Structures are given as C-alpha cells and as structure tokens.
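The structure appears right after this line, and notes come after that.
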Amino acid sequence: MKVDSKGRIHLPREVSEEVGDVVILEKTDQGFVLKPGELADFLKEIKEVITSEPSRTGKPENWLPSRMKTI
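The sequence shown maps to residues 88 to 158 in the working numbering.
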C-alpha cells in the first residue's frame, strides 16, 4: 500500500471492492486491521440528543443572581 502526500492510503482495487467505501482502521498488538465500516446518520444522532431529556444528577439549586454573576 502507498500513502500519498495528503495522508491518503491507496488500496488495491480488489481490497477496495471487498471492504466498500467506508472502512475502520484498528490498531492491534500485531499491527493494523482494516475492517468494513458503515456510514452514520449524524443528523439523526444530533436530533436524538437535542430532543432527549437531560439526565439529572441531583436536586437543582436556586442560586441568587449575585452568586450566578461570579461564575
């Protein structure tokens, strides 16, 4: 394999056709492993985070405005 000046790895055509367009490069004790990956729907994940209820860690404290200004 060859790495170009922009840091891209050029795979042989047979390997590229087998793993697809998205790959995962994983480091192991013996070297690196190239695995097929899948595209993530980032907009869907962002919408889920935005619309989900926040996790609460305790009872909210009602601070005075003077204390809030010092934060």
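Glycine is no exception: its CB is placed at the ideal position from the N, C-alpha and C atoms. Quantities reported herein were computed from a predicted structural model and do not represent experimental measurements.
Can you name the residues that DSSP bridges to Leu112? Walking along the sequence shown from the start, residue 112 turns up at place 25. Beta-bridge pairing links Leu112 to Leu121.
Would you report the Cα separation of Ala127 and Ser153, rounded to the nearest angstrom? Residue mapping note: residue 127 aligns to position 40 of the sequence shown, counting from 1. Residue mapping note: residue 153 aligns to position 66 of the sequence shown, counting from 1. Cα to Cα, Ala127 sits roughly 45 Å from Ser153.
With a threshold of 7 Å on Cβ separation, who are the neighbours of Pro123 within its own chain once the five nearest residues in sequence on each side are excluded? On the sequence shown, position 36 is the one that residue 123 refers to. Within the same chain, Pro123 has close Cβ partners Val106, Gly107, Val110.
To the nearest angstrom, how far is the alpha carbon of Arg143 from that of Asn149? One-based indexing of the sequence shown puts residue 143 at position 56. One-based indexing of the sequence shown puts residue 149 at position 62. Between Arg143 and Asn149, the alpha-carbon positions lie close to 15 Å from each other.
Restricting to Cα atoms, I'd like to know which of Ile133, Lys93, Asp116, Leu112 is closest to Glu125. Locating residue 125 in the sequence shown gives position 38, counting from the first residue. For Glu125, the nearest C-alpha among the options comes from Leu112.
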